[in-house]
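Undergrad: Top to bottom, those sequences are chains A and W. Start counting the first sequence at 546; every next residue gets the next number (my numbering). Start counting the second sequence at 48; every next residue gets the next number (my numbering).
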Amino acid sequence: MEIKIEHLSYTYNPGTPFEKKALDDISLTIGKGEFIGLVGHTGSGKSTLVQHLNGLLMPTQGSVLVDGEDIAGEGYSLRQLRFRVGVVFQYPEYQLFESDVLKDVSFGPKNQGLSDEEVLARAREAMRSVGLDESYETRSPFELSGGQKRRAAIAGILAMNPQMLVLDEPTAGMDPKGREEVLDLLRQINRERNITIVLVSHSMEDVANYADRVIVIVDGKIRWDDSPSVVFTRIEELEQTGLRAPQVSYLLKDLQDKGWDLDRSAVSIDAAAQEILKALSVPGQQTGGAVEESGKDR
Amino acid sequence: MLKEITLGQYYPGNSILHRLDPRVKLVGTLVFIISLFAFGSTSAYIAAGLVLAVVITLSAVPLKFILRGLKMIFFLMLITALCNLFLTPGDVIFKVWKLQITAQGVRMAIHMAVRLTYLILGSSIMTLTTTPNQLTDGMETGLGWMRVLHVPVHEIAMMMSIALRFIPILMDEANRIMNAQTARGADFTSGGLIRRARALIPLLVPLFVSAFRRANDLALAMESRGYHGGEGRTRMNPLVYQRRDHIAYGIIALYLVMIFLIWKYVEISLPFLP
Ligand SMILES: Nc1ncnc2c1ncn2[C@@H]1O[C@H](COP(=O)(O)OP(=O)(O)OP(=O)(O)O)[C@@H](O)[C@H]1O
Ligand SMILES: [Mg+2]
């Protein structure tokens, strides 16, 4: 599926003193199988934008087209759209309500009207893929740890087999191992099942390591929409908007400033390591001191 | 749907009404309500309505917001009016089968509707121009003398201010949970009564869980900052009467006298009313 957003603006509480323009003239296209990182400072409008993708919010101006069809159109089934675009909200653990985890994960597929066996199979599969084994099936969601609750909530969305998965800060407040597992899971879903992923995150490292495309929102407007290697080399501009680049971008920049001959477009740790090794192997490079110094800066 | 509760909602502004001491506003509202019930006549209601109109204008709150409170009690008003209309004994002016409308009934129904409307409008104006904090401050200070009667004034005020503070938070939370469940295909708007009631479970369970969690966190946070109830507690911004507050008290007293006199001596009978 393809989602096309055209000149979308959204205003909260229009016509009241609490009026707030959260999105301003947003245009973008999300193609099938993409892995998009959505970043922006607090209050920039990320969550608001995300809620337009499955029709929870309707544009004040502009339109959202899913496979060419306007979701605000008469007779458009928003309910079907919600099964196709799975949205995992900020702090999804607050949506758990059933008496055991398996039932909770089944809630989505059940709403889709599937048969009992199908529901069960989907729920089990989703639980496995987020790393919750059988022993969790009968446990109450309220006695899980924060990270486990998060996984259960993500499983609840995965079980609906969406074609697009939108996650609003899915790793906020998780430990490093848990974060990596969740993000690896997303990558796996994206690669193996060709499911589009939109990842909202405050971690530039995560976005740099996992996304193929970065969209930066500043005050409700799209500031950049490009590959990570292009966006994250604009360190100064990013900082002016209250964001920053991933650590490795700073490292590469420092090295370059020290006179190293290297390409700054690497944004993931692995790619940057490759780049540095390559530079090191060039004969005549005065290196040792430079590495140490730039290490001190950071 | 959840956004429509205005009662207890503050409308930011800087009008003279916003700046008045909350105690004055509380007393004013109380006097107004008492006057509605003590001095019920067409003439008194017209006078009270004019005063209300002036106050609403002074508050600079758009009429739309003030009227929102009325929407909530529309059905209550309708039922009250119908009961009065049909069940008041007196001179029958209209009769179908066993239902009869009396002149006194018409009068009662209209008076009741007016009274309820004024009541809601009057108290909405107070809550719209006073922050919940000021309101409970005003109550606590204004009712301080009741402590002598072993009424836990401070505790009640604290509970009220927390409750008021939590209304918007819980409404936000309810909205968020509703969004999350809608995203999982929950349907809150269709089906019969039982289906709809069942559909609320995915909303209510997380809402209660979160309310308890918040209450617990708040209690811990208060205790760890040394809160121990009202005994010996001083205020950061004690309420102090200004000149305008004294003037306002004067106006309130004048209002009471005026309404009393009008009720006692002015007789208005509208042509269409018996
Ligand atoms: N329900 C609402 N009512 C009114 N204003 C809102 C509402 N939700 C968000 N806003 C405002 O809209 C703007 C964008 O909010 P949004 O939640 O989309 O930001 P965000 O980028 O997701 O921020 P964060 O990184 O903190 O989650 C903010 O200024 C916020 O105050
Ligand atoms: Mg957000």
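Built from N, CA and C at the ideal position, the CB exists for glycine as well.
1. Let me check you understand the geometry: is the CB of Ser-592(A) closer than 7 Å to at least one non-hydrogen atom of ligand 2?
2. Considering Lys-549(A), what are the terminal residues of the beta strand (DSSP E) in which it resides?
3. Once the 5 residues before and after Val-656(A) are set aside, which same chain residues still bring their CB inside 6 Å of it?
4. Going along the chain, which residues of the region 640–674 of chain A sit with their C-beta nearer than 7 Å to a C-beta in chain W?
5. When the Cα atoms are used, what is the spatial distance from Thr-593(A) to Ala-567(A)?
6. Should Ala-230(W) be listed as close to ligand 1, given that the test is whether its C-beta is under 7 Å from any heavy atom?
7. Can you say whether Tyr-288(W) is buried or exposed, counting buried as having 16 or more other CB atoms within 10 angstroms of its CB?
8. Please state if the CB of Ile-760(A) and the CB of Leu-710(A) are separated by a distance shorter than 8 Å.
9. What residues of chain A sit near Asn-226(W), judged by a beta carbon separation below 8 Å?
10. Exposed or buried, which one is Lys-72(W) when buried takes at least 16 other CB atoms within 10 Å?
11. Do Gly-692(A) and Met-719(A) have their C-beta atoms within less than 8 Å of each other?
12. Going by CA-CA distance only, name the one from Met-159(W), Ser-88(W), Ile-80(W) and Asn-263(W) that's closest to Met-173(W).
13. Span of the beta strand (DSSP E) holding Arg-758(A)?
14. Would you say Gly-232(W) reaches chain C, if we count a Cβ-Cβ gap shorter than 8 Å as a contact?
15. Apart from the five residues on each side of it in sequence, which residues of its chain come closer than 6 Å, Cβ to Cβ, to Thr-176(W)?
16. How big is the Cα-Cα spacing for Ile-209(W) and Ala-221(W)?
17. What are the residues that DSSP puts in a beta bridge with Met-193(W)?
18. Closer than 7 Å, Cβ to any Cβ of chain A: which residues of the region 239–253 of chain W, in chain order?
19. So is Met-48(W) in contact with chain A if we call contact Cβ pairs under 8 Å?
20. Which word fits Gln-625(A), buried or exposed, when buried means at least 16 other C-beta atoms lie within 10 angstroms of its C-beta?
21. When you compare the CB of Ile-548(A) with every CB in chain W, is at least one pair closer than 8 Å?
22. Residues of chain A with CB closer than 8 Å to the CB of Pro-136(W), please, in chain order.
23. If the cut is a Cβ gap below 8 Å, which residues of chain A does Thr-229(W) touch?
24. Going along the chain, which residues of the region 684–703 of chain A sit with their C-beta nearer than 9 Å to a C-beta in chain W?
25. Report whether the distance from the Cβ of Gln-635(A) to the nearest heavy atom of ligand 2 is below 7 Å.
26. Grab the span of the beta strand (DSSP E) containing Lys-566(A) for me, first residue to last.
27. Select from Asp-751(A), Ala-756(A), Tyr-795(A) and Ser-746(A) the residue whose C-alpha is nearest the C-alpha of Ile-581(A).
28. Are Leu-689(A) and Ala-668(A) touching if we call contact CB-CB under 8 Å?
29. Closer than 7 Å to a non-hydrogen atom of ligand 1 - does that hold for the CB of Ala-567(A)?
30. Below 8 Å between beta carbons: does that hold for Ala-295(W) and Gly-75(W)?
31. Between the alpha carbons of Lys-50(W) and Tyr-636(A), how many angstroms are there, rounded?
32. For ligand 2, is there any heavy atom lying closer than 7 Å to the beta carbon of Asp-751(A)?
33. Following a CB-centred definition, is Asp-713(A) positioned closer than 7 Å to any heavy atom of ligand 2?
34. Within a Cβ cutoff of 8 Å, which residues of the same chain sit near Leu-42(W), ignoring the five residues on either side of it in sequence?
35. Below 7 Å between beta carbons is the criterion; list the residues of the region 606–624 of chain A that meet it against any residue of chain W, in chain order.
36. Have a look at Leu-800(A), Asp-799(A) and Arg-779(A) and flag the residue whose alpha-carbon is nearest the alpha-carbon of Ala-790(A).
TA: Based on what the coordinates show:
1. Stepping through the first sequence from its first residue, residue 592(A) is reached at position 47. Indeed, a heavy atom of ligand 2 lies less than 7 Å from the Cβ.
2. As a first step, residue 549(A) must be located in the first sequence, where it is residue number 4. Start and end: 548–557.
3. Your numbering for residue 656(A) matches position 111 in the first sequence. It is Asn, not Val, that sits at residue 656(A) in the sequence shown. Excluding positions up to five away in sequence, the list is empty.
4. Going along the region 640–674 of chain A in chain order, one finds Gln-640, Leu-641, Phe-642, Phe-652, Gly-653, Asn-656 and Gln-657 with a Cβ nearer than 7 Å to chain W.
5. The sequence position of residue 593(A) within the first sequence is 48, counting from 1. The sequence position of residue 567(A) within the first sequence is 22, counting from 1. Annotation: Thr-593(A) to Ala-567(A) spans about 7 Å, alpha carbon to alpha carbon.
6. One-based indexing of the second sequence puts residue 230(W) at position 183. With a cutoff of 7 Å, Ala-230(W) does not count as near ligand 1, since its C-beta is closer than that to no heavy atom of the ligand.
7. Taking the first residue of the second sequence as 1, we reach residue 288(W) at position 241. That one is exposed.
8. Here residue 710(A) refers to the residue found at position 165 when the first sequence is read from its first residue. Here residue 760(A) refers to the residue found at position 215 when the first sequence is read from its first residue. Between Leu-710(A) and Ile-760(A), the C-beta spacing is not below 8 Å.
9. Numbered from its first residue, the second sequence carries residue 226(W) at position 179. The answer, in chain order, is Gln-596, Leu-601 and Phe-634.
10. Taking the first residue of the second sequence as 1, we reach residue 72(W) at position 25. Lys-72(W) counts as buried, since at least 16 other C-beta atoms from the protein chains shown sit within 10 angstroms of its C-beta.
11. Along the first sequence, one-based indexing puts residue 692(A) at 147. Along the first sequence, one-based indexing puts residue 719(A) at 174. In this structure, Gly-692(A) sits near Met-719(A), with a CB-CB distance shorter than 8 Å.
12. Taking the second sequence and counting its residues from 1, one reaches residue 173(W) at position 126. Ranking Met-159(W), Ser-88(W), Ile-80(W) and Asn-263(W) by CA distance to the CA of Met-173(W) puts Ile-80(W) first.
13. Reading the first sequence from its first residue, position 213 is the one you call residue 758(A). Its beta strand (DSSP E) spans residues 758–763.
14. Protein chains A and W are contained in the structure displayed, whereas chain C is not.
15. Here residue 176(W) refers to the residue found at position 129 of the second sequence. If the five residues before and after Thr-176(W) are omitted, its C-beta is found closer than 6 Å to the C-beta atoms of Leu-64, His-65 and Ser-106, all from its own chain and listed in chain order.
16. In the second sequence, the residue the question calls residue 209(W) occupies position 162. In the second sequence, the residue the question calls residue 221(W) occupies position 174. When the Cα atoms are used, Ile-209(W) and Ala-221(W) turn out to be separated by approximately 18 Å.
17. As a first step, residue 193(W) must be located in the second sequence, where it is residue number 146. None; Met-193(W) has no bridge partner.
18. For the region 239–253 of chain W, which is checked against every Cβ of chain A, the residues closer than 7 Å are Ile-248, Pro-249, Val-252 and Pro-253.
19. Locating residue 48(W) in the second sequence gives position 1, where the first residue counts as 1. Confidence is the limiting factor: at Met-48(W) the pLDDT is only 38, short of 50, which leaves the residue's position unreliable and the question unanswerable from this model.
20. As a working note, residue 625(A) is residue 80 in the first sequence. Gln-625(A) comes out exposed.
21. The residue you call residue 548(A) lines up with position 3 of the first sequence. Not an interface residue.
22. Start at 1 with the first residue of the second sequence, and residue 136(W) comes out as number 89. The premise fails here: Pro-136(W) is roughly 47 Å from chain A at the closest Cβ pair, so nothing lies under 8 Å.
23. Here residue 229(W) refers to the residue found at position 182 of the second sequence. From the beta-carbon of Thr-229(W), the residues of chain A found nearer than 8 Å are Leu-601 and Arg-627.
24. If the cut-off is 9 Å between Cβ atoms, the region 684–703 of chain A has Phe-687, Ala-698, Gly-701 and Ile-702 near chain W.
25. Locating residue 635(A) in the first sequence gives position 90, where the first residue counts as 1. Flag set: Cβ of Gln-635(A) near ligand 2.
26. By one-based count along the first sequence, residue 566(A) stands at place 21. DSSP places Lys-566(A) inside the beta strand (DSSP E), whose first and last residues are 565–575.
27. Numbered from 1 along the first sequence, position 36 holds the residue referred to as residue 581(A). Residue Ala-756(A) is the option with its Cα nearest to Ile-581(A).
28. Stepping through the first sequence from its first residue, residue 689(A) is reached at position 144. Stepping through the first sequence from its first residue, residue 668(A) is reached at position 123. For the pair Leu-689(A) and Ala-668(A), the CB atoms are not nearer than the 8 Å cut-off.
29. Along the first sequence, read from residue 1 onward, the residue named residue 567(A) stands at position 22. Yes, the Cβ of Ala-567(A) comes within 7 Å of a heavy atom of ligand 1.
30. Mapped onto the second sequence, residue 295(W) falls at position 248. Mapped onto the second sequence, residue 75(W) falls at position 28. If you check the CB distance, Ala-295(W) and Gly-75(W) come in under 8 Å.
31. Residue mapping note: residue 50(W) aligns to position 3 of the second sequence, counting from 1. Residue mapping note: residue 636(A) aligns to position 91 of the first sequence, counting from 1. The predicted model places Lys-50(W) with a pLDDT of 46, which falls under 50 and marks its position as unreliable; any figure quoted below should be read in that light. The straight-line gap from Cα to Cα measures roughly 22 Å.
32. Your numbering for residue 751(A) matches position 206 in the first sequence. No, since every heavy atom of ligand 2 falls outside the 7 Å radius drawn around the Cβ of Asp-751(A).
33. As a position in the first sequence, residue 713(A) is number 168, starting the count at 1. Because some heavy atom of ligand 2 lies under 7 Å away, the Cβ of Asp-713(A) counts as near it: yes.
34. Residue 42(W) falls outside the range modelled here, since chain W spans only 48 to 321, and no answer is possible.
35. Listed in sequence order: Arg-624.
36. For the purposes of this step, residue 790(A) is taken as residue 245 along the first sequence, with counting starting at 1. For Ala-790(A), the nearest C-alpha among the options comes from Arg-779(A).
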